[in-house]
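Have a look at the structure below, then the notes.
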Amino acid sequence: MSSYAVAFVVGGLMCVLAQLVLDLTRLTAAHVMVLFVVLGAVAGGLGLYQPLVEFAGAGAMVPLPSFGNAVFQGIMEDVDTRGFIAVFTGGLTAAAWGITSAILFGWLVAALFNPKG
Amino acid sequence: MVQASREQARRYQAFVRQYHPPRPVLRNCVLAFLVGGTICAIGQGLLNLFMVQGLPLKEATGPALAVLVAMGALLTGLGVYDDIGRIGGMGAALPISGFANAITAPALEFKREGYVFGIGQRLFQIAGPVVVYGMVAAVAMATIRIVLGLTGTGGAP
Numbered sequence: 138m139s140s141y142a143v144a145f146v147v148g149g150l151m152c153v154l155a156q157l158v159l160d161l162t163r164l165t166a167a168h169v170m171v172l173f174v175v176l177g178a179v180a181g182g183l184g185l186y187q188p189l190v191e192f193a194g195a196g197a198m199v200p201l202p203s204f205g206n207a208v209f210q211g212i213m214e215d216v217d218t219r220g221f222i223a224v225f226t227g228g229l230t231a232a233a234w235g236i237t238s239a240i241l242f243g244w245l246v247a248a249l250f251n252p253k254g
Numbered sequence: 063m064v065q066a067s068r069e070q071a072r073r074y075q076a077f078v079r080q081y082h083p084p085r086p087v088l089r090n091c092v093l094a095f096l097v098g099g100t101i102c103a104i105g106q107g108l109l110n111l112f113m114v115q116g117l118p119l120k121e122a123t124g125p126a127l128a129v130l131v132a133m134g135a136l137l138t139g140l141g142v143y144d145d146i147g148r149i150g151g152m153g154a155a156l157p158i159s160g161f162a163n164a165i166t167a168p169a170l171e172f173k174r175e176g177y178v179f180g181i182g183q184r185l186f187q188i189a190g191p192v193v194v195y196g197m198v199a200a201v202a203m204a205t206i207r208i209v210l211g212l213t214g215t216g217g218a219p
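Protein chains in written order, with the numbering used here: chain E, 138 to 254; chain B, 63 to 219.
So, in structure tokens, the structure goes:
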């Protein structure tokens, strides 16, 4: 049960941080989303994000900073075996599930449903 | 036309601000915490579900996130995710289901402009910048680490 509590609290706190940036600055929600993805990549590069993933599970993997971190981790894992060229391949491999499912399900819903209101 | 001086403009802004309701920051944060936390807990449930099926954590992550994406897209199509977003603010936008919402909502809204310039183009209206800057930042961080001779992913440099 505690893995749920940790995921709830860590994921929730990350959303609070994003909400504070939204409310206390003039940035829009889209700006905040971009900012947090970049922060995730930077935190990953500094070796800070992966420990959070191990601690909080989905609490760190579901929010958007995880995307930036996952792309970074994917590149570095590939670099270990294939060298610098992996900078061009490892990132999208790591993000494949998220990007492919988002395009696929987003397209399907847009094609099948009609806009409300 | 009479040009307002900088001082007048500043005073006018201050005057207008008096009549704006203050942003309910505390309330927004509590709701963001509850909504974002709930979505992450659902994600943890999906993760545990796939791990019970025998997948290691690394391989369970993708399917669990894909289910959240599918739920986010479907709830957007049903018009429910907009309500969740109005309540939860960044608590609904920051989880990956919010990313799915950001992909689906503009595509749906501009559907009448066709499959290429409507759906196909608008899918990336918000997701485009997110993917672009995530990729640029991650490649930059990776390049810095490689140049500094720090390979491997774990631990601080």
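All C-beta atoms, glycine included, are put in the ideal place defined by N, C-alpha and C.
Bear in mind that the values here come from a model prediction, so they are computed numbers and not experimental data.
In chain B, which residues lie less than 7 Å from residue i when you measure between Cβ atoms?
i, result
"Ser173/E", "It should be noted that the sequence gives Phe, not Ser, for residue 173/E. The answer, in chain order, is Leu156."
"Phe221/E", "Ile208"
"Phe209/E", "Ala200, Met203, Ala204"
"Phe204/E", "Gly196"
"Leu164/E", "Under the 7 Å cutoff, chain B gives no residues; its nearest Cβ is about 11 Å from Leu164/E."
"Phe192/E", "Those do not exist, as Phe192/E stays about 12 Å from chain B at its closest Cβ, beyond 7 Å."
"Leu189/E", "The contacting residues do not exist; Leu189/E stays about 12 Å from chain B at best."
Express the C-alpha separation of residue j and residue i in angstroms, rounding to a whole number.
i, j, result
"Ala162/B", "Gly243/E", "7 Å"
"Phe112/B", "Ala126/B", "7 Å"
"Asn251/E", "Phe77/B", "43 Å"
"Asp160/E", "Phe209/E", "29 Å"
"Ala218/B", "Leu210/B", "Model confidence at Ala218/B stands at a pLDDT of 43, short of 50, so the residue's coordinates are unreliable and nothing is read from them."
"Ser140/E", "Thr165/E", "32 Å"
"Thr266/E", "Gly124/B", "What the structure shows of chain E is the stretch from 138 to 254, and residue 266/E is not part of that stretch, so it cannot be assessed."
"Glu214/E", "Leu117/B", "20 Å"
"Gly153/B", "Phe221/E", "37 Å"
"Ala169/B", "Leu172/E", "23 Å"
"Thr237/E", "Ala128/B", "9 Å"
"Val179/E", "Ile181/B", "32 Å"
"Gly216/B", "Phe186/B", "Any reading at Gly216/B must be qualified, since the residue scores a pLDDT of 49, below 50, and its modelled position is unreliable; the value itself is stated next. Each residue's alpha carbon lies about 32 Å from the other."
"Phe172/B", "Lys253/E", "12 Å"
"Val114/B", "Ala207/E", "23 Å"
Determine the chain B residues that contact residue i at a beta-carbon separation under 8 Å, and present them in chain order.
i, result
"Ile240/E", "Ile165, Leu185"
"Tyr141/E", "Ala103, Gln106, Gly107"
"Leu157/E", "Val87, Cys91"
So residue i contacts chain B; which residues on that side make the cut at Cβ distance below 9 Å?
i, result
"Leu150/E", "Phe95, Gly98, Gly99"
Strictly below 9 Å CB to CB, what residues from chain E border residue i?
i, result
"Glu175/B", "Within 9 Å Cβ-Cβ: nothing; Glu175/B doesn't reach chain E, min ~11 Å."
"Val78/B", "Correct list: empty, because the minimum Cβ distance to chain E is about 15 Å."
Relative to the C-alpha of residue i, which residue among the options is closest?
i, options, result
"Gly177/E", "Val190/E, Thr165/E, Leu229/E", "Val190/E"
"Gly160/B", "Cys102/B, Leu109/B, Gly182/B", "Cys102/B"
"Ala94/B", "Leu241/E, Phe145/E, Tyr186/E, Leu172/E", "Phe145/E"
"Arg148/B", "Ala200/B, Gln183/B, Asn90/B", "Asn90/B"
"Ile188/B", "Val224/E, Gly227/E, Ala239/E", "Ala239/E"
"Ala195/E", "Ala128/B, Leu109/B, Gln115/B", "Leu109/B"
"Thr213/B", "Leu183/E, Thr162/E, Leu245/E, Ala193/E", "Leu183/E"
"Cys152/E", "Gly151/B, Gly141/B, Ile146/B", "Gly151/B"
For a contact defined as C-beta to C-beta under 7 Å, what are the partners of residue i on chain E?
i, result
"Pro191/B", "Ala167, Val171"
May I ask whether a heavy atom of the ligand MN can be found less than 8 Å away from the beta carbon of residue i?
i, result
"Val190/E", "This structure simply doesn't include the ligand MN, nor any ligand for that matter."
Note down, in chain order, every chain E residue with its Cβ under 8 Å from the Cβ of residue i.
i, result
"Ala135/B", "Ala239, Phe242, Gly243, Leu245, Val246"
Taking three-plus beta-carbon pairs below 8 Å as touching, is the stretch 126-143 of chain B in contact with the stretch 66-80 of chain B? Judged by Cβ distances under 8 Å, the stretch 126-143 of chain B makes no contact with the stretch 66-80 of chain B, as fewer than three pairs qualify.
Given a limit of 9 Å on CB to CB distance, which residues of the stretch 105-129 of chain B reach chain E? Gly105, Gln106, Gly107, Leu108, Leu109, Asn110, Leu119, Thr123, Gly124, Pro125, Ala126, Leu127, Ala128, Val129
Does the stretch 195-210 of chain E come within contact of the stretch 185-201 of chain B, defined as at least 3 CB pairs closer than 8 Å? yes
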